[in-house]
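Data block below; observations after.
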Amino acid sequence: MGQIISISIGKPKSIPVKSSRPIKSSFIKTPIESKIFLGYEGFENDQVGDPRLHGGVDKAVCVYCKEHFVYWTNEKGLKLNAPAFGENLTVEGLLETQTNIGDVFNIGQAQVQVSQPRQPCHKINKVYDNQKMACWVKSSGFTGYYFRVIEQGWVAPGDKVIRVRKGEGTFSVDEINSFLSKSKGENNLQRLAKAVKLDSLTDEWRKLLKKRLP
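Residues 0 to 213 in numbering that gives the first Met the number 0 are what the sequence shown lists, from first letter to last.
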């Protein structure tokens with residue numbers, strides 16, 4: 000069982016960047032203190048900056064783990080707090096190694112399902128004015144992941160995140176991430192072939208994984 004540490008929402012706005020022109024993004028989010036309605040396309044009053052890459056029913060909620068902030072401080076010298084990675088939910092007790100694609104959780108009055116790992120886009124480099132940031136996120140494995148919403152409802156900071164069903168095949172978010180980070184020859188092809196067939200994995204990620212097959 001995990002817990003929601005913070006819920007954050009945002010809307011597209013211009014973000015100044017030291018080394019280039021400003022970017023328009025919803026990466027900078029604001030934590031809320033009271034309950035909020037979670038619909039099929041995300042939290043009320045939360046908007047994505049680029050609908051081609053973010054949002055939609057399969058990526059309704061972006062999740063990041065509080066435990067990783069220690070790594071960013073100790074290893075990279077970054078003192079970060081929620082929502083440092085543009086996440087909607089900052090959670091505790093639900094690491095990528097512990098959370099499976101297809102897992103179903105009750106959070107508040109809502110029910111959600113893990114749909115895919117989060118793959119950071121180039122804008123995280125601009126927000127932190129560091130061209131290595133996205134690569135650091137990927138190589139660390141501390142990517143976060145997405146929820147799709149199965150049942151809408153009210154959710155509040157501090158709510159428990161209760162797993163009610165495990166995903167088929169028990170493929171952790173971390174294992175799915177590893178299929179992309181490893182060279183083709185390093186992957187367990189039998190596991191990879193099974194992962195490609197996961198019904199609960201998004202089409203986007205099934206296509207990515209298929210490219211890793213011989």
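Built from N, CA and C at the ideal position, the CB exists for glycine as well.
What residue from the options has the CA that sits closest to residue i's CA?
i    : options                : result
G143 : N80, G76, S18, K65     : K65
D57  : S7, I100, G140         : I100
G107 : F42, N124, L191, K181  : F42
F84  : V148, F178, S177, I8   : I8
K137 : N105, I149, Q118, V154 : Q118
S114 : I123, H121, F104       : F104
L197 : P11, F178, E86, E167   : E167
L179 : L207, T169, N124, T201 : L207
P213 : E185, E74, H121, V16   : E185
Hey, residue i and residue j: beta-carbon distance below 7 Å or not?
i    : j    : result
V47  : S25  : yes
L37  : A109 : yes
I3   : P116 : no
G152 : V90  : no
D102 : R162 : yes
L88  : V62  : yes
A59  : E86  : no
Does DSSP classify residue i as helix, strand or coil?
i    : result
E86  : coil
S114 : strand
Q189 : helix
G1   : strand
R205 : helix
A133 : helix
I31  : strand
Y127 : coil
S24  : strand
Can you say whether residue i is buried or exposed, counting buried as having 16 or more other CB atoms within 10 angstroms of its CB?
i    : result
S199 : buried
V111 : buried
H53  : buried
D158 : buried
D128 : exposed
P289 : Only positions 0 to 213 of the chain appear in the structure, and residue 289 is not among them; the question remains open.
Under 6 Å Cβ to Cβ from residue i, same chain only, skipping five residues before and after it: list those, please.
i    : result
V172 : E95, T98, P116, Y144
S13  : P21, K23
Within a Cβ cutoff of 8 Å, which residues of the same chain sit near residue i, ignoring the five residues on either side of it in sequence?
i    : result
L79  : F68, W71, T72
A192 : L212
Could you name the residues of the same chain whose beta carbon sits closer than 7 Å to that of residue i, not counting the 5 residues immediately before and after it, in chain order?
i   : result
L77 : W71
L93 : G1, C64, V160
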